[in-house]
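See below for the structure under consideration.
In my numbering, the protein residues as written are 8 to 466.
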């Protein structure tokens, strides 16, 4: 993810930004499917999954390639940030379609294209006329199978990534995120952010050979899903995929991600910020991995809305009534492996950091002691569903949601199972999740405040 400013917004809408819901077909157990559109899945002989989702967007398609490789896959010391770096390299072109020609073809089509990288996956997306489907398939299959770049181009792009890091470094959220991860994780690759450790980013120009190895490991058909949403014929898509992607060779690499041991004590980090800024409080509690079968993470999603939505008592107290903070958010984003429930607050006065932390901790402890009222919980569930449904309005938004579930579950139908679990969760189960995860010994607290003298001494 290239813009760290998005982190604050992501925290605020952590549930609504990753969940979809709408009215749909009846499920075998009653109720309605949360994802109402038909999906058609074909798996090619080489392992590439091809998924078509017809959607009412006449003349338009969203063409996404989801690569299940993010910063989580960067297991070698000194190699953090390569998934994000390789997102950049994928736009360098091939012998058949050099960079300028690739861009010119898409421009002639009137297509919009981009990409992003997360902890768990990298996604390449194009919004284009449906009539351009085969042209786009020719372009995309070529670069995924035949990417070429010189060492000179590689070093030039490495410099651009370092520039991106330095640009984002002016945003306190980048530092907060880095410090929290680095302290909270000792073993798992979630220890480093998506853009990577600064020392590794600086060393990227020397990693040309490794870059080829990274491409060979992860950019393989069995590790990718081609997703097309919109004005698409599933049979035609499958036939074209066989024609253009059928020669793509399987790989043999299997990544082994080290498991994170339980945290035994609370950790605290103080960050001295060189420039004038309001103080920040950033707290992470170790939480569960994504699951569409177990209720721990869905229960924490509900906690996010119960405590940190604008209608929540905690938000009203700290933001509206007492005006101690002007940003308050919390939630546990979906991850393949256990990650964290993160809480962010931008406090107005440095001397009030301890008070704000105490109020937030008390709210979590109250949730552990007293189950939320059943009617309040039902309102939260309803709000989450209908808010998400409002976002299902374009082929691109539908594709983005499905890409997320492809990444964390390798199954777009996981969204239906997740929402079925929301419906079943009781106030007591929410309290049980709060008791299980909001434990002081399992949390890391990072504070950031203006202190130019200390910041200068730390350089």
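All residues carry an ideal CB built from backbone N, CA and C; glycine is no exception.
According to the DSSP assignment, residue 237 belongs to no alpha helix (DSSP H) but to the beta strand (DSSP E) extending over 231 to 237. If you draw a straight line from the Cα of residue 340 to the Cα of residue 295, it is about 10 Å long.
Fully enclosed alpha helix (DSSP H) runs of no fewer than 4 residues occupy 179 to 191 of the stretch 161 to 192, in order along the chain. Beta-bridge analysis with DSSP links residue 243 to no other residue.
Only buried fits residue 203, as 16 or more other CB atoms lie within 10 angstroms of its CB. Separation of the CB atoms of residue 191 and residue 288 is rounded to 15 Å, and the pair is thereby denied contact status at 8 Å.
Residue 211 and residue 261 have their C-alpha atoms some 23 Å from each other. The beta carbons of residue 125 and residue 77 sit about 5 Å from each other, so the pair counts as a contact at 8 Å. Restricting attention to 276, 234, 259, the CA atom closest to the CA of residue 405 is found in 234. One Cα belongs to residue 84, the other to residue 213, and the distance between them is close to 14 Å. Across the structure, residue 163 and residue 92 are spaced so that their CA atoms are roughly 12 Å apart. Here residue 355 carries a coil assignment [DSSP, helix/strand/coil]. Burial state of residue 311 is buried, judged by a 10 Å Cβ sphere holding 16 or more other Cβ atoms. A check of alpha carbon separations from residue 70 across 254, 145, 266, 418 identifies 145 as the nearest. Residue pairing of residue 58 in beta bridges, as defined by DSSP: 48, 234.
Contiguous alpha helix (DSSP H) elements confined to the stretch 278 to 358 occur at 303 to 315, taking only those with 4 or more residues.
Excluding residues up to 5 positions away in sequence, 448 lie with their Cβ nearer than 6 Å to the Cβ of residue 272 in the same chain. The residue among 106, 236, 43 with its C-alpha nearest the C-alpha of residue 72 is 236.
For the 8 Å CB-CB criterion, residue 238 and residue 105 do not form a contact. Under DSSP, the beta-bridge partners assigned to residue 453 are 276, 289. Nearest to residue 446 by alpha-carbon distance, out of 362, 384, 148, 374, is 374. Remark: fewer than three beta-carbon pairs, one from each stretch, lie closer than 8 Å, so the stretch 37 to 51 and the stretch 308 to 327 are not flagged as touching. Taking a contact as a CB-CB distance under 8 Å, the pair residue 415 and residue 225 does not count as one, their CB atoms being some 16 Å apart.
By the CB criterion at 8 Å, residue 153 and residue 101 fall inside the cutoff. With 16 or more neighbouring CB atoms inside 10 Å of its own CB, residue 57 falls in the buried class. Bounds of the beta strand (DSSP E) holding residue 123 are 119 to 124. The closest CA to that of residue 243, considering only 427, 168, 60, is found on 60. Annotation: the continuous alpha helix (DSSP H) that includes residue 402 extends over 402 to 416. Contact between residue 201 and residue 278 fails: their C-beta atoms lie close to 19 Å from each other, not under 8 Å. For residue 70, the uninterrupted beta strand (DSSP E) segment begins and ends at 67 to 74. Check the Cα spacing between residue 221 and each of 195, 258, 205: the tightest is with 258. If you draw a 10 Å sphere on the C-beta of residue 129, you find 16 or more other C-beta atoms in it, and that means buried.
If you draw a 10 Å sphere on the C-beta of residue 127, you find 16 or more other C-beta atoms in it, and that means buried. When rounded, the separation of the alpha-carbon atoms in residue 173 and residue 209 is 11 Å. By DSSP's assignment, residue 440 forms no beta bridge with any residue. In this structure residue 161 is in contact with residue 218, their Cβ atoms being roughly 6 Å apart against a cut-off of 8 Å.
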